[in-house]
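Okay, structure first, notes after.
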Amino acid sequence: MTELPAPGDHPKAGHRRTPGARRARCVAVGTALPERRLTNADLAKLVDTSDEWIVTRTGIRERRMADPGTALSDLAVVAARECLDRAGIQADQLDGIICATITGDHVMPATANIIQHRIGARRAWGYDLLNACNGFLAALNTAAAFVEAGRAERILVVGGDLMSSLVDFRDRNTCVLFGDGCGAVLVEAGPGDGYGLIGFEMHSDGGSAADLIVPCSGSALPATADALARGEQFLKQNGKAVFQQAVRRMAEVSTSLLDGLGLTSADIDLLVPHQANLRIIQPTAERLGVPMEKVVVNIDRVANTTAGTIPLALADAEASGRLHQGTRVLLVAFGGGLTWGAAYLTWGR
Ligand code: ACO
Numbered sequence: 000m001t002e003l004p005a006p007g008d009h010p011k012a013g014h015r016r017t018p019g020a021r022r023a024r025c026v027a028v029g030t031a032l033p034e035r036r037l038t039n040a041d042l043a044k045l046v047d048t049s050d051e052w053i054v055t056r057t058g059i060r061e062r063r064m065a066d067p068g069t070a071l072s073d074l075a076v077v078a079a080r081e082c083l084d085r086a087g088i089q090a091d092q093l094d095g096i097i098c099a100t101i102t103g104d105h106v107m108p109a110t111a112n113i114i115q116h117r118i119g120a121r122r123a124w125g126y127d128l129l130n131a132c133n134g135f136l137a138a139l140n141t142a143a144a145f146v147e148a149g150r151a152e153r154i155l156v157v158g159g160d161l162m163s164s165l166v167d168f169r170d171r172n173t174c175v176l177f178g179d180g181c182g183a184v185l186v187e188a189g190p191g192d193g194y195g196l197i198g199f200e201m202h203s204d205g206g207s208a209a210d211l212i213v214p215c216s217g218s219a220l221p222a223t224a225d226a227l228a229r230g231e232q233f234l235k236q237n238g239k240a241v242f243q244q245a246v247r248r249m250a251e252v253s254t255s256l257l258d259g260l261g262l263t264s265a266d267i268d269l270l271v272p273h274q275a276n277l278r279i280i281q282p283t284a285e286r287l288g289v290p291m292e293k294v295v296v297n298i299d300r301v302a303n304t305t306a307g308t309i310p311l312a313l314a315d316a317e318a319s320g321r322l323h324q325g326t327r328v329l330l331v332a333f334g335g336g337l338t339w340g341a342a343y344l345t346w347g348r
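Okay, here's the thing in structure tokens:
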């Protein structure tokens, strides 16, 4: 394994971790997907689309859909228990739970509190973090900061969304892109020179907020009968603008992070990108000079689960033997905000 750089030794320290005696490590992942599959052929019965259009434009073949009455916490509890089992940790050993989502059970209370209660994490605090498709990385960054600062030993980072609750199944521009799913990663304190999170870089451009938005979802546009009748409670996107920004920003932030850490693409064993479109993933890998054999792709089976994509992809990589102790991983995401970020880590304890 290549020698890892000393953290914090870079020009943009504000974007990355500072040096310290502790390093936050990602030790296990758990997931939960609804049973029900919605294929492209199923969608073609709802809107004017085809399997051929969806596969060639996005790489998606099917997605999972939660049954009515399912809440995000129902999946999160399954993912959390699986993650803790794999880590060999009891729920009452957790100090905190951060749930990244845009489709929590309610606007209030935060879903993390519901997860905390249902898994019996008696000592843990919990709150949600909303940053769309970049939510999981934002939550991971936050958990790492707590652990590195010595303010927590173990934090469960949950990322997931029930996008079926936000998508208009009459709108072919958006309904084909998304799915439901959830994952959880245990972040734990370890020695400063051990495995774990080496660096982060995060960015925002709120000037482009309208390019990817759920208009009627908060104080800016309360849920009046008129707003609901207009379908403002559903996700809207300027697909082309988001597509172009995603390709550019995911490659840019990855390169900037690697440069800042004194690394190159040769230091990546596994690239785990947010799964929005195979035509975004491929050029990102190409610009980074990472061959597709090193890229995790599961968009064909689960589509875009927003905050769930990265933990679901990590779990897939682990199940297929591509992610194990010491694997050097680059995570990269882009989403509504607009917001994008990357993290570099060595997996395991
Ligand atoms: N089936 C058939 N035709 C369709 C469909 C569909 N499901 N959807 C759109 N079309 C049509 C359009 O109406 C358009 O027709 P027109 O030319 O007659 O107007 C035509 O296909 C071409 O549309 P484009 O927008 O040019 O298609 P494009 O190749 O750009 O692909 C897509 C569209 C897949 C949405 C792409 O732009 C994309 O992936 N964008 C990014 C999505 C994304 O990353 N979202 C961010 C994450 S979400 C989050 O953060 C919560």
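Note that numbering that gives the first Met the number 0 gives residue 130 to position 131 of the sequence shown, counting from 1, and the numbers run on in steps of one. Just so you know, even glycine gets a beta-carbon here, dropped at the ideal spot from N, CA and C.
*Indicate whether Thr-110 and Ala-70 have their beta-carbon atoms separated by less than 9 Å.*
Here the question's residue 110 lines up with position 111 in the sequence shown. Here the question's residue 70 lines up with position 71 in the sequence shown. With respect to the 9 Å criterion, Thr-110 and Ala-70 are classified as neighbours on the basis of their beta carbons.
_Contact belief for Val-186 with Cys-25 at Cβ below 8 Å, rounded distance in angstroms_ = Locating residue 186 in the sequence shown gives position 187, where the first residue counts as 1. Locating residue 25 in the sequence shown gives position 26, where the first residue counts as 1. About 6 Å; that satisfies the 8 Å criterion.
*Taking three-plus beta-carbon pairs below 8 Å as touching, is the region 285–295 in contact with the region 221–240?*
The region 285–295 is not in contact with the region 221–240.
*According to DSSP, is Ala-23 helix, strand or coil?*
Here residue 23 refers to the residue found at position 24 when the sequence shown is read from its first residue. Looking at Ala-23 - three-state DSSP - the assignment turns out to be strand.
*Classify Val-294 as buried or exposed, calling it buried when 16 or more other Cβ atoms lie within 10 Å of its own Cβ.*
What you label residue 294 is simply residue 295 of the sequence shown in a count that begins at 1. That one is buried.
*asked:* Using a 10 Å radius around the Cβ and a threshold of 16 neighbouring Cβ atoms, would you call His-105 buried or exposed?
replied: Counting from 1 along the sequence shown, the entry for residue 105 is found at position 106. Burial call: exposed.
*Keeping to the same chain, check which residues put their C-beta closer than 7 Å to that of Ile-212; ignore five residues upstream and five downstream.*
Counted from its first residue, the sequence shown places residue 212 at position 213. Cβ within range, chain order: Lys-235 and Gly-335.
*asked:* My output table needs one value for Leu-257: the three-state DSSP class, helix, strand or coil.
replied: Against the sequence shown, residue 257 aligns to sequence position 258. In the structure shown, Leu-257 sits in a helix (DSSP, three-state: H, G or I).
_Taking the alpha helix (DSSP H) that Val-301 belongs to, which residues open and close that run?_
Sequence index remark: in the sequence shown, residue 301 carries index 302 (1-based). Per DSSP, Val-301 belongs to the alpha helix (DSSP H) from 298–301.
*Among residues of its own chain, excluding the 5 on either side of Arg-35, which ones have a beta-carbon nearer than 8 Å to its beta-carbon?*
Walking along the sequence shown from the start, residue 35 turns up at place 36. So the qualifying residues of the chain are Arg-63, Met-64, Ala-65 and Asp-66.
*Would the C-beta of Ile-53 count as close to the ligand ACO, meaning under 8 Å from any of its heavy atoms?*
Looking up residue 53 in the sequence shown gives position 54. Within the cutoff, so yes.
*Name the residue from Ile-279, Met-291, Pro-282 and Ala-275 whose alpha carbon lies nearest to the alpha carbon of Thr-304.*
Position 305 of the sequence shown, counting from 1, holds the residue named residue 304. With distances taken between Cα atoms, Thr-304 lies closest to Ala-275.
*Cβ shell of Leu-256 (< 7 Å), same chain only, five flanking positions each side left out*: Along the sequence shown, read from residue 1 onward, the residue named residue 256 stands at position 257. Setting aside the 5 residues that flank it on each side, Leu-256 is surrounded in the same chain by Gly-198, Glu-200, Ala-341 and Tyr-343, each with a C-beta closer than 7 Å to its C-beta; the list follows chain order.
*asked:* Which residues does DSSP list as the beta-bridge partners of Leu-330?
replied: Along the sequence shown, read from residue 1 onward, the residue named residue 330 stands at position 331. Per DSSP, Val-271 and Ala-342.
*Between Trp-346 and Ile-267, what straight-line distance do the alpha-carbon atoms span, to the nearest angstrom?*
In the sequence shown, counting from the first residue as 1, residue 346 sits at position 347. In the sequence shown, counting from the first residue as 1, residue 267 sits at position 268. Roughly 12 Å separates the two Cα atoms.
*Can you tell which of Thr-338, Leu-330, Arg-348 and Leu-337 has its C-alpha closest to the C-alpha of Leu-139?*
As a working mapping, residue 139 is identified with position 140 in the sequence shown. Ranking Thr-338, Leu-330, Arg-348 and Leu-337 by Cα distance to Leu-139 puts Leu-330 first.
*In angstroms with no decimal places, state the Cα-to-Cα distance between Gly-320 and Ala-312.*
Position 321 of the sequence shown, counting from 1, holds the residue named residue 320. Position 313 of the sequence shown, counting from 1, holds the residue named residue 312. Their backbone Cα atoms lie some 12 Å apart in a straight line.
*Looking at Gly-307 and Gly-182, is the spacing between their C-beta atoms short of 9 Å?*
Locating residue 182 in the sequence shown gives position 183, where the first residue counts as 1. Locating residue 307 in the sequence shown gives position 308, where the first residue counts as 1. Taking 9 Å as the Cβ cut-off, Gly-182 and Gly-307 qualify as a contacting pair.
*Nonlocal neighbours in the same chain, by C-beta distance under 6 Å from Leu-349, ignoring five residues either side*: Residue 349 is absent from the model: the chain starts at 0 and stops at 348.
*Pull up the CB-CB distance for Gly-95 and Phe-135, whole angstroms please, since I reckon it's below 8 Å.*
Residue 95 sits at position 96 when you count from the first residue of the sequence shown. Residue 135 sits at position 136 when you count from the first residue of the sequence shown. About 16 Å separates the two Cβ atoms, so there is no contact after all.
*Sort out for me which residues DSSP pairs Thr-30 with in a bridge.*
Locating residue 30 in the sequence shown gives position 31, where the first residue counts as 1. Thr-30 pairs with Gly-182.
*Put Ser-72 into one of helix, strand or coil per three-state DSSP.*
Along the sequence shown, read from residue 1 onward, the residue named residue 72 stands at position 73. DSSP places Ser-72 in helix when its eight states are reduced to three.
*According to DSSP, what are the bridge partners of Gly-159?*
Position 160 of the sequence shown holds residue 159. Under DSSP, Gly-159 shares a beta bridge with Cys-181.
*Examine the ligand ACO and report whether any of its heavy atoms sits within less than 8 Å of the Cβ of Val-175.*
Numbered from 1 along the sequence shown, position 176 holds the residue referred to as residue 175. Because some heavy atom of the ligand ACO lies under 8 Å away, the Cβ of Val-175 counts as near it: yes.
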